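Take a look at the structure below.
Protein chains in written order, with the working numbering: chain A, 351 to 664; chain B, 351 to 664.
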């Protein structure tokens, strides 16, 4: 693998949870000589200045990006194309553009037509986050031991891919490359459909007439509360994901529904063996996730400890 | 509310996560003069002896229960009726029987016919737990600030209800009473259907041919891993729950499916406003759950901190 040239100027566009975490991490780990923060929202810019996580802060995407060797677009998926169009004519020759969008094929289609010759687009997606949004939600270790997927075009110069890979590795992530289409299928099942069914069951519970919202909240520790975490993620970001990864989401949702029909039938006809069999198989997947360091093995995610500051034992 | 008489002998039947937590808590908080642990599994009995969380340990349900003023059945829902039948003829006059089953109407139907006159059944359900099972998984603070639902028959003597209520309050729980039928509806939406869809999506992901299990595990931090926690809960316990709360689960599953169809249609036809609207509404429910102390407000359940032992900030 060729050694990447040291990164001069890094421009981060959109200083929310992900963008501000990149800026924090790039500074903490010395990954760029200069960090420029670009955000259209004046309140966010003021907050970024206060936090001191960038060398310069601007609302002018064209001027801000003009200085950059690497531009990372950290805006909602639906805004990536329009923002790229504004910046594109002003980019330095040889600049590399990347993004952090949760959908890749539609982002490639939205960005690529705007970029002049000599500017390479290396799409990226760090599989990391929390349910919180905004510049204060970020932290420098967000990407530590998380995966970052890159979906470079086949003809991308290796040096451009390496520039993006080096940033993510510097932030502590493990980098994997695949096609945009495969990315969108993988994320549909590991992220998008899980979010959709979480949003859905929270909505179902909120709308019941036999059970009050107060009861739902009180007795949520039986499982429901787990779903409310991801169902409190940023609405605009998630609207855009479902609008732009429609085909893969509908495909995976179809699988989910087929399987749920089989399970429903097992309940209706009292097929305990079928239920026990599935409930046993699913344990292995969690063990694998814990073994791969993508999840804590602590009971209840360790949240009793997080809430009380005491060990979960008695 | 009448003052409960001090509890003499507490018998805990089934020393798994819940039963062993009750024994630990009863001892720690001095809630009974004597604690008898009853378990049919020799390995569990040996472990309970080692842990020292009961005054006596036996595999003989009849003899063990004969001493008790309060018997708490902590076996899977499908086993509660049979165990009650074995113990019933041997209970002391005036003894109170309770349970911790996640389903109530079917448990009432399974237990009540076996109990002689003078023995009161006060069904209970602590809405608390973790994904782990067995005597080592328990801890004395499991019920702290969690709700415990009691579903006493209308003609239950208040002193009997109070004996059970006092135990749960002593363990730190907040007690609420309702009918068994209402309990089963409330739990269907707050616990049983959430578990079912979690088991289901983990099964769907495991069976895909386009996305490998290895990819599912690697990229699980995008949301999927949250579901694997409850999908690793005890298979026998959960099989029994679905077999015994069939009607309420099917009813709530019907609601879930209706809502998911509407959401699927919004995705198919690109109705971004409908998606954004739901995704905004669902945030309020989580805020309510956090405000009521049933959930941590820490990002990601605080699990980054649980895993690394360091603050989640940078």
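Here a beta-carbon is modelled for each residue, glycine too, at the ideal position from N, C-alpha and C. Here the structure is a predicted model, which is why all the values come from computation and not from measurement.
Item                                                                                                                                                                              : Value
Would you kindly report the start and end of the unbroken beta strand (DSSP E) that includes residue 408 of chain B?                                                              : 406-408
So, using beta-carbon positions, are residue 499 of chain B and residue 477 of chain B closer together than 9 Å?                                                                  : yes
With a threshold of 16 other CB atoms inside 10 Å of the CB of residue 399 of chain B, please say whether the residue is buried or exposed.                                       : exposed
Ignoring anything shorter than 3 residues or poking outside the segment 408-464 of chain A, list the beta strand (DSSP E) runs there in chain order.                              : 420-423, 446-449
So that I know if they touch, is there some Cβ in chain A lying closer than 9 Å to that of residue 585 of chain B?                                                                : yes
At the 9 Å Cβ level, is residue 609 of chain B part of the contact set with chain A, yes or no?                                                                                   : yes
Along chain E, in chain order, which residues have C-beta atoms closer than 7 Å to that of residue 589 of chain B?                                                                : In summary, chain E is missing from the structure at hand, where the protein chains are A and B.
Quick check on residue 641 of chain A: does DSSP put it in helix, strand or coil?                                                                                                 : helix
Does the pairing of the segment 454-462 of chain B with the segment 417-433 of chain B give three or more beta-carbon distances under 8 Å?                                        : yes
Count the other CB atoms, across all protein chains shown, that sit within 10 Å of the CB of residue 392 of chain B; report buried if there are 16 or more and exposed otherwise. : exposed
Taking Cβ positions only, does residue 646 of chain A come closer than 9 Å to chain B?                                                                                            : yes
For residue 501 of chain B, count neighbouring Cβ atoms within 10 angstroms of its own Cβ and tell me buried if that reaches 16, exposed if not.                                  : buried
Look at the Cβ atom of residue 535 of chain A, then the Cβ atom of residue 587 of chain A, and state whether they are nearer than 9 Å.                                            : no
Apart from the five residues just before and just after residue 414 of chain B, which ones in its own chain have a Cβ nearer than 6 Å to its Cβ?                                  : 361, 386, 388, 408
Quick check: is the beta carbon of residue 352 of chain A nearer than 9 Å to any beta carbon in chain B?                                                                          : Residue placement at residue 352 of chain A is flagged as unreliable, the pLDDT there being 45, under the threshold of 50; the coordinate-derived value follows with that caveat. No, because no Cβ of chain B sits closer than 9 Å to the Cβ of residue 352 of chain A.
Taking the alpha-carbon positions, what's the residue 704 of chain B to residue 356 of chain B distance?                                                                          : In the structure as shown, chain B begins at 351 and stops at 664. Residue 704 of chain B is therefore absent and cannot be evaluated.
Identify whether residue 577 of chain B lies in helix, strand or coil by the three-state DSSP scheme.                                                                             : helix
Mapping the DSSP letters down to three states, classify residue 316 of chain A as helix, strand or coil.                                                                          : A query on residue 316 of chain A cannot be resolved here, the shown segment of chain A reaching from 351 to 664 and no further.
Which of the three DSSP states, helix, strand or coil, is assigned to residue 647 of chain B?                                                                                     : coil
Give a yes or no on whether 9 Å exceeds the smallest Cβ distance from residue 563 of chain A to chain B.                                                                          : yes
Of all Cβ atoms in chain A, is any one closer than 9 Å to the Cβ of residue 417 of chain B?                                                                                       : no
Cβ of residue 518 of chain B within 9 Å of Cβ of residue 474 of chain B?                                                                                                          : yes
Return the CA-CA distance between residue 630 of chain A and residue 582 of chain B, expressed in angstroms with no decimal places.                                               : 8 Å
Look up residue 547 of chain B in the DSSP assignment and say whether it is helix, strand or coil.                                                                                : helix
Please list the partners that residue 454 of chain B has in chain A, where partner means a Cβ-to-Cβ separation under 7 Å.                                                         : In chain order: nothing, as chain A lies at least about 13 Å away.
Once you ignore the five residues that flank residue 375 of chain B on each side, which residues in its own chain have a CB closer than 6 Å to its CB?                            : 490, 521
For chain A, check one thing: does any of its Cβ atoms lie closer than 9 Å to the Cβ of residue 642 of chain B?                                                                   : yes
Here's a check: name, in chain order, each residue in its chain whose Cβ is nearer than 7 Å to the Cβ of residue 390 of chain B, leaving out the five neighbours to either side.  : 409
Taking Cβ positions, are residue 483 of chain B and residue 573 of chain A nearer each other than 9 Å?                                                                            : no
Name the one or two DSSP bridge partners that residue 497 of chain A has.                                                                                                         : A/524
Using a Cβ-Cβ cut-off of 7 Å (strictly less than) and excluding sequence neighbours within five positions of residue 462 of chain B, which residues of its own chain qualify?     : 471
Can you list the residues of chain A that residue 496 of chain B reaches, using a CB-CB cut of under 8 Å?                                                                         : 571
Do the segment 633-646 of chain A and the segment 561-580 of chain B meet, that is, are 3 or more Cβ pairs less than 8 Å apart?                                                   : yes
Does any residue of chain A have a CB that is nearer than 9 Å to the CB of residue 568 of chain B?                                                                                : yes
Which residues in the same chain have their Cβ closer than 8 Å to the Cβ of residue 430 of chain A, if we skip the five residues on either side of it in sequence?                : 423, 449, 451, 457, 460, 461
Beta carbon of residue 404 of chain B, beta carbon of residue 365 of chain B: below 9 Å?                                                                                          : yes
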